[in-house]
Amino acid sequence: MKKIVILLTLSVLLMLSGVEDVQAYIGPGAGFAFISSFFILLVSVLLAIMTILFWPLSLVIRSLKIKKRSSLRHDTTRIIIVGLDGLDPDLATRYMQEGKLPNLSKISNTGTFKKLRTTLPPISPVAWSTFTTGVDPSRHNIFDFLNRDLRTYLPELSSTKIETGSRSLSIGKYSIPLGKPSVKLLRKGKPFWSLLGKYGIFSAIIRVPITYPPEKLGGVLLSGMCVPDLKGTQGTFTSYTSGNDSSEKKTGGVQIQVKRDGDRIKTYIPGPDNSLLKNNEEMRIPLNITINGGDEAVLEIPKEKIRLKKDTYSPWVKLTFSAGPGVKIRGICRFYIKELKPDFDMYMTPINIDPESPSLPISSPYSYSVYLAKIMGSYATLGLAEYTWALNERVIDEDIFLEQAYDHHEEREAMLFNALDKTKNGLCVCVFDTTDRIQHMFMRFIAEDHPAHAIDVAREAYADTIEQLYIRMDEMIGRVMKSINKDDVLMVISDHGFKQFKRGVNLNSWLYKNGYLALKDGKETGDDWFRDIDWENTRAYTFGLSGIYISEKGREAKGVVSAAEKEELKAELISRLRGLPDDETGGTAIKEVYDITEHYDGPYRENGPDLIIGYNEGYRASWGAAVGSVNAHIFEDNNKSWSGDHCMDPSLVPGVFFCNRNVQDDNPHIKDIAPTVLDLFGVEIPPYMNGKPLISTIKPEDQR
Amino acid sequence: MNTINYVINSIFDLFFSPFSSIDPIYGLCAVSFLTTVIMLPIFKYTSNQEAIRRTKSRIMGHLLEVRLFKDDIRTVLSAQKNMLKYNMIYLKHMMKPLMFVMLPVVVIIIQTGLRYEYRPLHPGETAIVKVKLDNPGNLAGGGSGVLTAPEGLKIETPPLRVNGGEEIYWRIRAEKDGDYDLKFRTIDKEVSKRVVVGEKLTRISPEVLKGGLVNSFLYPGEPSLSGDSGMEYFEIAYPYGTVALFGWKIHWLVLFFILSLVFGFLLLKPFRVSV
Chain A
120 MKKIVILLTL
130 SVLLMLSGVE
140 DVQAYIGPGA
150 GFAFISSFFI
160 LLVSVLLAIM
170 TILFWPLSLV
180 IRSLKIKKRS
190 SLRHDTTRII
200 IVGLDGLDPD
210 LATRYMQEGK
220 LPNLSKISNT
230 GTFKKLRTTL
240 PPISPVAWST
250 FTTGVDPSRH
260 NIFDFLNRDL
270 RTYLPELSST
280 KIETGSRSLS
290 IGKYSIPLGK
300 PSVKLLRKGK
310 PFWSLLGKYG
320 IFSAIIRVPI
330 TYPPEKLGGV
340 LLSGMCVPDL
350 KGTQGTFTSY
360 TSGNDSSEKK
370 TGGVQIQVKR
380 DGDRIKTYIP
390 GPDNSLLKNN
400 EEMRIPLNIT
410 INGGDEAVLE
420 IPKEKIRLKK
430 DTYSPWVKLT
440 FSAGPGVKIR
450 GICRFYIKEL
460 KPDFDMYMTP
470 INIDPESPSL
480 PISSPYSYSV
490 YLAKIMGSYA
500 TLGLAEYTWA
510 LNERVIDEDI
520 FLEQAYDHHE
530 EREAMLFNAL
540 DKTKNGLCVC
550 VFDTTDRIQH
560 MFMRFIAEDH
570 PAHAIDVARE
580 AYADTIEQLY
590 IRMDEMIGRV
600 MKSINKDDVL
610 MVISDHGFKQ
620 FKRGVNLNSW
630 LYKNGYLALK
640 DGKETGDDWF
650 RDIDWENTRA
660 YTFGLSGIYI
670 SEKGREAKGV
680 VSAAEKEELK
690 AELISRLRGL
700 PDDETGGTAI
710 KEVYDITEHY
720 DGPYRENGPD
730 LIIGYNEGYR
740 ASWGAAVGSV
750 NAHIFEDNNK
760 SWSGDHCMDP
770 SLVPGVFFCN
780 RNVQDDNPHI
790 KDIAPTVLDL
800 FGVEIPPYMN
810 GKPLISTIKP
820 EDQR
Chain B
37 MNTINYVINS
47 IFDLFFSPFS
57 SIDPIYGLCA
67 VSFLTTVIML
77 PIFKYTSNQE
87 AIRRTKSRIM
97 GHLLEVRLFK
107 DDIRTVLSAQ
117 KNMLKYNMIY
127 LKHMMKPLMF
137 VMLPVVVIII
147 QTGLRYEYRP
157 LHPGETAIVK
167 VKLDNPGNLA
177 GGGSGVLTAP
187 EGLKIETPPL
197 RVNGGEEIYW
207 RIRAEKDGDY
217 DLKFRTIDKE
227 VSKRVVVGEK
237 LTRISPEVLK
247 GGLVNSFLYP
257 GEPSLSGDSG
267 MEYFEIAYPY
277 GTVALFGWKI
287 HWLVLFFILS
297 LVFGFLLLKP
307 FRVSV
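Okay, structure coming up:
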């Protein structure tokens, strides 16, 4: 081939040596190459000239527009915060003592390593919102992943709300909405990077939870936890199987039964519902699968063929759903073939919003997600990108889960180092979820007596998974340390720690058995989302991961408890639930019950639960309680792969705070990070913030 | 080579025949479309499409970088440097497919040039005929050589010899439409040159040259002169052809360039090609 190319080149060049200039055009390919190259050259040169000419001017304009900082106090030009969701201080200490985390040890020895107090309740969306805003949940309005609709008692996402216009234009089978749908961020308060922007300090914020929809800032932001998939859910996977008919809906996913015709399978990729159609029909893309003789199959979607070996993830595949003439919705997904013969078994990840042409903005500015995709290729955009539900439902196994979790981690790491390179002055924050997800799914392997050992997986194979996770994070921190200057402030933090989740507690069942909750028609158990609850006779209920709600008259649609009775009822529940014994194991399930009014006084306190449960180590709200059901038993073993958790008493699951500067405060809290950053940059801390700066910015010479 | 040229000429004669009596722009559109249809698949299968896509993506990424980090002059200048770097890489990825498409495109352009660079003489128009000899002594007809024209063409002037008789000039006049052979005779050889008179779009060869691979490839309109013809070339100064688009007279090659690009853009998606 090489010889042919050389021969062709020589012969053509020889021939062209006699050709007049005007005939030196060689077709559309060359035309495009010439035009685009010339265009790029022209744009580059023009931009360079404009930059050099206008940069001083824009500097002057910017300095006039921005607020002035206190020149005496700011003592750094760059702050880097690496968030390792769920990194546990006890495990970190253990591995550091064993010499396995040299880089974190170095920070600990030369700077600071402390436990970082977390929020009540210690749940990621709550804690990261406090990190972002510097205020407690009653001021930022996030108390859990879910909130309840006071009219219907149905759950809704606590962080975002999609509002569509009420009017639409009906044309044939289409119903075209008049007005754009809007995605509203329900988290209140101002992110501290927005305040930095007012002072002209650039921020690069990557995947911090509860930043969707993205808010405008002086810098760039890629949204994290709570970015939906293309279906609008928090991640719906698809499983294809030609085995026994099991076309049931799995939690967090759907299973599609496929029929094998020789080596061919005709099926489809289920997409989002088409909101332009009156019947809201699901959009689909045809998927034809041809199984080759060996260990490979060819997946064919319109305009693309993907050759995929068994036990291998495909790269990100672009999908285009057609909602109507000229209306395209683009997503990306990956495939994994688990079995080719005798049964075909394939897993498809949730369809992520395509960052290169996002159907909804997932970054600020809009072009930042596009920029990252252009520079580093497609990447996971889903808020909860790791496929915990697929592993929990045993649709995938541990190896498949780990492979994709680390793939996502590498994508995120590339983003962090890109941001570090581009942010020589300012703030750079990147949150990694891998630590949280892997600990959720692999904690059972470091416990002797976890009920999830009932799952038929060799414990030894994954006994060091968490240790390896910590080592890997330490190596990344090492690379970050190498890439920063000595004056930069580096913080490595986590929003909470981790403990075993061995026993689930269904407080709806407890409330039912103790007369606080009633069921309809003499039922003994209640289905998900309060389907069987007799609201007229129910005084308290629970759903989500940590709260009890009083069914209050005038607040809940079918509330029965008056304001006067409420305080009494809360006191009664606190006294009965505190120290709740688990008779089966002899343990104590609940460490503490918190009355929200005693802990929070912010304007959004009413939106949270009335009581927050501080579960003891090893306990958490049961799977049933989380979705508002009433089970026959109050306690149950957690035999799911999801075996570690942090939805417990906050004193049991503090996070970590590593910093390359000395911090005197022995008891830092996650709410202190925002004021600390503002103070380090010499920006006035707003009085509404609950935290305090952790690092003294007054230099000895200034103190004199 | 003459045989190959004959075959290629016949194919293109056939291709252009439907457009001979209509506005020449249509023929140019057709050949531009044909070029695109042939070249895009060649380009697709001889290029590294994934690498081209990736490189273009990087360029676009760095362009966005300039906008996103506009306040940081270091990043802006670094983005511009990277744009240029990936521009070079892009051109590198273009080289291999261009080697493959170059040969067929050159053939198409030469054949199109034969029909669009010049136009036939119109009845009543004059043209200069020029012959260049190897050896001025080897002439018939009293030392000037004999040029004879068939009915329909008229030789208006006696031969004018310059450069020591190496070059001889005549002026001829076209009298009526037709495809004629103008004959030039030396002592022992007679050489023909095709002269076309009329209004139709047709293959025009302004000159015949002594053979050789390169000359035969670049001037395929008529069979080359044999090595012992005693002549270097036999040329007729046809008027230049014109193509008009919306009343604007544009050189055919410029139009060919624009049209093939337009068709290229339109066909990129159907052919699933990245350029």
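Quick note, the sequences are listed as chains A and B, same order.
If you use our numbering, the first sequence corresponds to residues 120 to 823, in order.
If you use our numbering, the second sequence corresponds to residues 37 to 311, in order.
Virtual Cβ for every residue (Gly too), placed ideally from N, Cα, C.
| Item | Value |
| --- | --- |
| Proximity winner among 757/A, 500/A and 762/A, relative to residue 342/A (alpha-carbon distances) | 500/A |
| Distance, residue 783/A Cα to residue 231/A Cα | 9 angstroms |
| In chain order, each alpha helix (DSSP H) run of at least 4 residues that lies wholly inside the region 583–628 of chain A | 584–602 |
| DSSP-derived helix/strand/coil call for residue 471/A | strand |
| Burial state of residue 183/A (16 or more Cβ within 10 Å) | exposed |
| Residue environment, residue 282/B, which counts as buried when at least 16 other CB atoms sit within 10 Å | exposed |
| Whether residue 693/A touches residue 714/A by CB criterion (8 angstroms) | yes |
| Candidates 514/A, 562/A and 600/A: closest to residue 583/A by CA position | 562/A |
| Contiguous alpha helix (DSSP H) assignments of at least 4 residues, all confined to the region 464–537 of chain A | 486–495 and 507–511 |
| CB contact below 8 angstroms: residue 490/A versus chain B | yes |
| Segment contact, 8 angstroms Cβ cut-off, at least three pairs: the region 206–219 of chain A with the region 674–691 of chain A | no |
| Residue closest to residue 628/A, alpha-carbon to alpha-carbon, out of 329/A, 636/A and 472/A | 636/A |
| Nearest to residue 404/A (by Cα), restricted to the options 684/A, 431/A and 442/A | 442/A |
| Bounding residues of the beta strand (DSSP E) (the contiguous stretch that carries residue 267/B) | 267–272 |
| CB contact below 8 angstroms: residue 388/A versus chain B | no |
| Close beta carbons around residue 16/B, own chain, < 7 angstroms, minus the five adjacent residues each side | There is no way to answer for residue 16/B, as the model of chain B reaches only from 37 to 311. |
| Rounded straight-line distance, which links the Cα of residue 647/A to that of residue 743/A | 7 angstroms |
| Residue 169/A versus residue 46/B - alpha carbon distance | 55 angstroms |
| Any chain B beta carbon closer than 8 angstroms to residue 487/A | yes |
| Spatial neighbours of residue 532/A in its chain, beta-carbon cut-off 7 angstroms, leaving aside the 5 residues before and after | 595 |
| Residue 418/A: first and last residue of the uninterrupted alpha helix (DSSP H) it sits in | No alpha helix (DSSP H) holds residue 418/A; the beta strand (DSSP E) holding it covers 415–420. |
| Residue 727/A in three-state terms, based on DSSP | coil |
| Cβ pair residue 779/A, residue 266/A closer than 8 angstroms | no |
| Contact set for residue 348/A: own chain, Cβ-Cβ below 8 angstroms, skip 5 residues either direction | 354, 355, 450, 469, 470, 471, 472 and 501 |
| Same chain, Cβ closer than 7 angstroms to residue 79/B, neighbours up to 5 away in sequence not counted | 133, 137, 309 and 311 |
| Given residue 247/A as reference, the closest of 791/A, 813/A, 393/A and 801/A once Cα atoms are compared | 791/A |
| Cβ contact (3+ pairs, closer than 8 angstroms) linking the region 87–95 of chain B and the region 519–537 of chain A | no |
| Segment limits, alpha helix (DSSP H) that includes residue 345/A | From DSSP, residue 345/A is part of no alpha helix (DSSP H); its letter is neither H nor E. |
| Bounding residues of the alpha helix (DSSP H) (the contiguous stretch that carries residue 808/A) | Unbroken run through residue 808/A: none, as it is neither H nor E. |
| At least 3 beta-carbon pairs within less than 8 angstroms: the region 791–806 of chain A vs the region 650–659 of chain A | no |
| Test: residue 97/B CB closer than 8 angstroms to a CB of chain A | yes |
| Simplified DSSP state of residue 276/A, which is helix, strand or coil | strand |
| Candidates 305/A, 397/A and 466/A, of which the one nearest residue 371/A by Cα | 466/A |
| Beta carbon proximity, residue 315/A to chain B, threshold 8 angstroms | no |
| From 165/A, 223/A and 576/A, residue whose alpha carbon lies closest to that of residue 591/A | 223/A |
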